[in-house]
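In what follows, a structure is listed as structure tokens, so that the remarks can point back to it.
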């Protein structure tokens, strides 16, 4: 067992060969590469049998593609998705096939299938970007039409308590579809997840990003109507933008802006949904438009004010006033955004960025 384990890990870690650097740096690199794969948990046996979300024994068609579980896919689209799809496409395939197996028998894609159960852990449905990333890289050993229907269902059907336990789908989708944004309200200030009609403002941004990925899947499959529908929805982040303060700001169902602070003064609301943002604050989440950086720049009024806010944030973070405290400890802030937009005239001073805290 020890020899097999050692060989298996050496083969996987050997997919990337590092040249140069010190031994310490190489140790850090491979240690972190190892950690990037340890969160996967195999829940099926060698014969393909597994216990599903409704406690029934089932069997996958291909035992070589095991049922995988993990606690969440929130923010994996910044790093792990690229790693899994580029370095170990078989791992990305296993994930997608596991998702679709759960969808077939449970009716929903899982966002964090711990123990192959439907878990409401974290927000949005970021298993979808992983599935789309896999398809775009040619990892397609599954039914792509079923995969798209599963994505569409998740993004158009209000989440709910699953009949076999746990929570499936998006918590605030009714509000998002009704208003074009997740409306603020009493429950949004005291409940991390909110309700179908109220929730944290940051979920508007999360849902819009997932809409963009569904739109790209629809385009790849030759579904122009669905592509256009989800492409329009991925612009919903604009409904959360307050032009007066130039922040993504919570707003009530009637469209009025809710009170907020760009950087919450107290530790509790800093990290959780009391301020209308999941494990973050307005300053951080204002940058969360990874699918339309050019559009965000336009909201700021052009490259210069965009860069000025970014640079001011570097300065504030030195005093730890804008540093992330929760999962977005790797926030989607475009430190060098020019390559993303081909706008060469707005980037913050390169020499400042090079020494600013990441």
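Residue numbers (my numbering): 10 to 367. Glycine is no exception: its CB is placed at the ideal position from the N, C-alpha and C atoms.
Residue i versus the options, residue with shortest Cα-Cα distance
{"i": "residue 264", "options": "270, 253, 249 and 272", "result": "249"}
{"i": "residue 129", "options": "180, 100, 87 and 136", "result": "180"}
{"i": "residue 242", "options": "32, 229, 66 and 300", "result": "300"}
{"i": "residue 212", "options": "54, 32, 236 and 193", "result": "193"}
{"i": "residue 146", "options": "33, 99, 245 and 55", "result": "99"}
{"i": "residue 271", "options": "137, 295, 308 and 119", "result": "295"}
{"i": "residue 158", "options": "117, 324 and 143", "result": "117"}
{"i": "residue 114", "options": "75, 165 and 67", "result": "67"}
{"i": "residue 60", "options": "164, 45 and 76", "result": "76"}
{"i": "residue 137", "options": "186, 84, 92 and 96", "result": "84"}
{"i": "residue 186", "options": "252, 239 and 316", "result": "239"}
{"i": "residue 214", "options": "15, 141, 293 and 326", "result": "293"}
{"i": "residue 39", "options": "57, 51, 53 and 20", "result": "20"}
{"i": "residue 133", "options": "227, 164, 290 and 154", "result": "164"}
{"i": "residue 156", "options": "247, 91, 112 and 266", "result": "112"}
{"i": "residue 49", "options": "15, 69 and 105", "result": "105"}
{"i": "residue 119", "options": "152, 93, 88 and 162", "result": "162"}
{"i": "residue 149", "options": "226, 89 and 256", "result": "226"}
{"i": "residue 45", "options": "290, 326 and 94", "result": "94"}
{"i": "residue 74", "options": "258, 110, 230 and 14", "result": "110"}
{"i": "residue 246", "options": "303, 320 and 58", "result": "303"}
{"i": "residue 188", "options": "175, 207 and 176", "result": "207"}
{"i": "residue 135", "options": "88, 33, 152 and 58", "result": "88"}
Residue i versus residue j: straight-line alpha-carbon distance, rounded
{"i": "residue 190", "j": "residue 18", "result": "44 Å"}
{"i": "residue 102", "j": "residue 268", "result": "44 Å"}
{"i": "residue 285", "j": "residue 139", "result": "26 Å"}
{"i": "residue 183", "j": "residue 203", "result": "11 Å"}
{"i": "residue 63", "j": "residue 235", "result": "32 Å"}
{"i": "residue 25", "j": "residue 86", "result": "20 Å"}
{"i": "residue 209", "j": "residue 12", "result": "49 Å"}
{"i": "residue 216", "j": "residue 308", "result": "19 Å"}
{"i": "residue 244", "j": "residue 305", "result": "10 Å"}
{"i": "residue 55", "j": "residue 72", "result": "6 Å"}
{"i": "residue 143", "j": "residue 108", "result": "13 Å"}
{"i": "residue 251", "j": "residue 260", "result": "9 Å"}
{"i": "residue 22", "j": "residue 42", "result": "7 Å"}
{"i": "residue 178", "j": "residue 167", "result": "7 Å"}
{"i": "residue 131", "j": "residue 313", "result": "34 Å"}
{"i": "residue 31", "j": "residue 325", "result": "33 Å"}
{"i": "residue 90", "j": "residue 141", "result": "10 Å"}
{"i": "residue 233", "j": "residue 154", "result": "14 Å"}
{"i": "residue 53", "j": "residue 70", "result": "11 Å"}
{"i": "residue 230", "j": "residue 96", "result": "25 Å"}
{"i": "residue 258", "j": "residue 160", "result": "28 Å"}
{"i": "residue 319", "j": "residue 289", "result": "16 Å"}
{"i": "residue 127", "j": "residue 262", "result": "29 Å"}
{"i": "residue 57", "j": "residue 33", "result": "40 Å"}
{"i": "residue 368", "j": "residue 205", "result": "Nothing can be reported for residue 368: it is not among the residues displayed for the chain, which extend from 10 to 367."}
{"i": "residue 6", "j": "residue 92", "result": "Nothing about residue 6 can be reported from this structure: the residues present for the chain run from 10 to 367 only."}
{"i": "residue 47", "j": "residue 310", "result": "44 Å"}
{"i": "residue 65", "j": "residue 10", "result": "30 Å"}
Residues that DSSP places opposite residue i in a beta bridge
{"i": "residue 181", "result": "DSSP lists no partner for residue 181."}
{"i": "residue 117", "result": "DSSP lists no partner for residue 117."}
{"i": "residue 251", "result": "256"}
{"i": "residue 169", "result": "177"}
{"i": "residue 320", "result": "None, per the DSSP bridge assignment."}
{"i": "residue 378", "result": "Nothing can be reported for residue 378: it is not among the residues displayed for the chain, which extend from 10 to 367."}
{"i": "residue 266", "result": "260"}
{"i": "residue 34", "result": "Answer by DSSP bridge pairing: none, since residue 34 is not bridged."}
Where residue i sits in the DSSP three-state scheme
{"i": "residue 59", "result": "strand"}
{"i": "residue 370", "result": "Examination of residue 370 is not possible in this model, given that the chain is present from 10 through 367 alone."}
{"i": "residue 151", "result": "coil"}
{"i": "residue 214", "result": "helix"}
{"i": "residue 42", "result": "helix"}
{"i": "residue 202", "result": "coil"}
{"i": "residue 186", "result": "helix"}
{"i": "residue 257", "result": "strand"}
{"i": "residue 286", "result": "coil"}
{"i": "residue 78", "result": "strand"}
{"i": "residue 176", "result": "strand"}
{"i": "residue 281", "result": "Unreliable placement is indicated for residue 281, whose pLDDT of 47 sits below 50; the coordinate value is still reported in the next sentence. It is coil, neither helix nor strand."}
{"i": "residue 93", "result": "helix"}
{"i": "residue 327", "result": "coil"}
{"i": "residue 87", "result": "helix"}
{"i": "residue 52", "result": "coil"}
{"i": "residue 296", "result": "coil"}
Chain D within 8 Å of residue i, Cβ atoms only
{"i": "residue 221", "result": "Among the chains of the structure shown, chain D does not appear; only one protein chain is present."}
At least 3 beta-carbon pairs within less than 8 Å: the stretch 73-89 vs the stretch 120-131: At 8 Å Cβ cutoff, the stretches touch.
Three-pair Cβ contact test at 8 Å for the stretch 168-175 versus the stretch 219-226: Taking a cut-off of 8 Å on C-beta distances, the stretch 168-175 does not touch the stretch 219-226, as fewer than three cross pairs fall below it.
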